[in-house]
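In the working numbering, the protein residues as written are 231 to 626. Glycine included, each C-beta is placed from N, C-alpha and C at the ideal position. All figures in this text were calculated on a predicted structure; none of them were measured in a lab. See structure below.
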């Protein structure tokens, strides 16, 4: 087995980009599980089928999530993969680590696991790939002693994640790092103990550039925005014009035609009521155009990939919410808690929040969660005339 060739994996090492195969080979030099993994992967490519199965639930004391059980269906051929569990570590906000912290994680993992890691997985966690059942509790204990905690897995709150926010980005409309840290600490039970129909994700993006891709991936997306007008610096506009930038071309890209430019006077203006706050003009002219001063976040619900239903983008449910003080976070927590309670009561097994809303209707969702219907929720005018509203809502 040790001398078996891996021609298909070798091919993946060709080209200019780093290869995961190279890293598995490095780990295989001193780890038998990584060596077996290398050969099992080659076999999967040859046979065009995976050789992994779900063999039961594994975990650590007091937690229902954070560990994903992995087993091969060929344990006789690959004895070191009889158990090859994944451990998720809840990452710091914005993925800011010290080198000392990373070394501590690596030392623990090389001692008790395969040494293979994924920084970072789609979950936002640090992913430790491959260990045996007897090592799970010692790994958790040692990680805890170093200040780390497990992330989410199963039908629970997955580890909240955020963009770098104000730490490195001038576009951030709220402190994504603080919001992610605060809300992660507030929902420890939901994060570690699966209790819902299926998983739920919260992702924080500081602006509509949405660097966490929350609108497409998160059940609850918190995207920075502002509710006053864009701030335009006339002198910087002139500098852009002097540099040869086609400012009219920037205006032509505005999706709502809210941006106007007078080439003769080199004056740029915005029709605030038409601005959709999409970040297009800010991205093109960041020195001349900045977000307004009255900043906060838009809350969306229902984003996900394809599972029960097709892929969903998030719906707007709160067009603007302040996210500056601790009290603002409490408002968000209250809204998301009501949403989870409604979903827990109405959702089916393996049905995400967005799928439950799709099945039962947005009107029922908004009414029972206690959120008012607002124009920003409307994607397009309805085509079906047979929609009836409760009398008390009509009177309003």
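7 Å CB neighbourhood of residue i in its chain, flanking five on each side removed
i, result
"residue 488", "500, 501, 504 and 505"
"residue 514", "480"
"residue 468", "496"
"residue 232", "For residue 232, the predicted structure reports a pLDDT of 47, less than 50, and the residue's modelled location is therefore unreliable. A value from the coordinates is still provided. Only 265 meet the Cβ criterion."
"residue 254", "264, 267, 268 and 346"
"residue 470", "477, 515 and 518"
"residue 484", "510 and 511"
"residue 262", "310"
Residues bridged to residue i (per DSSP)
i, result
"residue 497", "492"
"residue 177", "Outside the displayed range of the chain (231 to 626) lies residue 177, so it cannot be described from this structure."
"residue 450", "432 and 531"
"residue 301", "283"
"residue 398", "Per DSSP, none; premise fails for residue 398."
"residue 551", "527"
"residue 546", "530"
"residue 380", "319"
"residue 346", "359"
"residue 520", "461"
"residue 456", "525"
Same chain, Cβ closer than 8 Å to residue i, five either side skipped, listed in chain order
i, result
"residue 372", "338 and 342"
"residue 297", "288, 289, 290, 315, 316, 317, 318, 366, 380 and 383"
"residue 458", "502, 522, 523 and 524"
"residue 375", "none"
Cβ-Cβ separation, residue j to residue i (assumed contact under 8 Å), whole Å
i, j, result
"residue 573", "residue 426", "7 Å"
"residue 236", "residue 267", "Contact flag wrong, Cβ pair sits at about 11 Å."
"residue 519", "residue 460", "6 Å"
"residue 295", "residue 287", "Contact doesn't hold; Cβ gap of about 10 Å is too wide."
"residue 321", "residue 284", "Going by Cβ atoms, the distance from residue 321 to residue 284 rounds to 25 Å, so no, they are not a contact pair."
"residue 411", "residue 323", "5 Å"
"residue 180", "residue 527", "Because the chain in this structure spans residues 231 to 626, residue 180 falls outside the shown range and cannot be described."
Length of the line joining the Cα atoms of residue i and residue j
i, j, result
"residue 239", "residue 340", "23 Å"
"residue 595", "residue 587", "6 Å"
"residue 451", "residue 306", "45 Å"
"residue 601", "residue 566", "11 Å"
"residue 388", "residue 247", "30 Å"
"residue 614", "residue 593", "15 Å"
"residue 332", "residue 432", "25 Å"
"residue 557", "residue 546", "22 Å"
"residue 442", "residue 434", "7 Å"
"residue 446", "residue 352", "12 Å"
"residue 578", "residue 539", "13 Å"
"residue 293", "residue 429", "15 Å"
"residue 486", "residue 605", "16 Å"
"residue 418", "residue 424", "11 Å"
"residue 620", "residue 439", "38 Å"
"residue 537", "residue 580", "8 Å"
"residue 603", "residue 378", "41 Å"
"residue 507", "residue 490", "15 Å"
"residue 597", "residue 405", "30 Å"
"residue 555", "residue 277", "56 Å"
"residue 336", "residue 544", "36 Å"
"residue 279", "residue 256", "25 Å"
"residue 548", "residue 616", "26 Å"
"residue 313", "residue 348", "18 Å"
"residue 465", "residue 492", "14 Å"
"residue 473", "residue 494", "16 Å"
Spatial neighbours of residue i in its chain, beta-carbon cut-off 6 Å, leaving aside the 5 residues before and after
i, result
"residue 599", "568, 569 and 572"
"residue 534", "542, 582 and 584"
"residue 290", "366, 367 and 370"
"residue 275", "238"
"residue 401", "437"
"residue 463", "518"
"residue 249", "242 and 243"
"residue 259", "none"
Beta-carbon gap between residue i and residue j smaller than 9 Å
i, j, result
"residue 311", "residue 270", "yes"
"residue 395", "residue 407", "yes"
"residue 553", "residue 454", "yes"
"residue 302", "residue 281", "yes"
"residue 532", "residue 449", "yes"
"residue 356", "residue 559", "no"
"residue 334", "residue 272", "no"
"residue 326", "residue 397", "yes"
"residue 358", "residue 386", "no"
"residue 344", "residue 361", "yes"
"residue 562", "residue 413", "yes"
"residue 530", "residue 444", "yes"
Below-9 Å beta-carbon distance, residue i vs any chain D residue
i, result
"residue 621", "The structure shown contains no chain D, having only a single protein chain."
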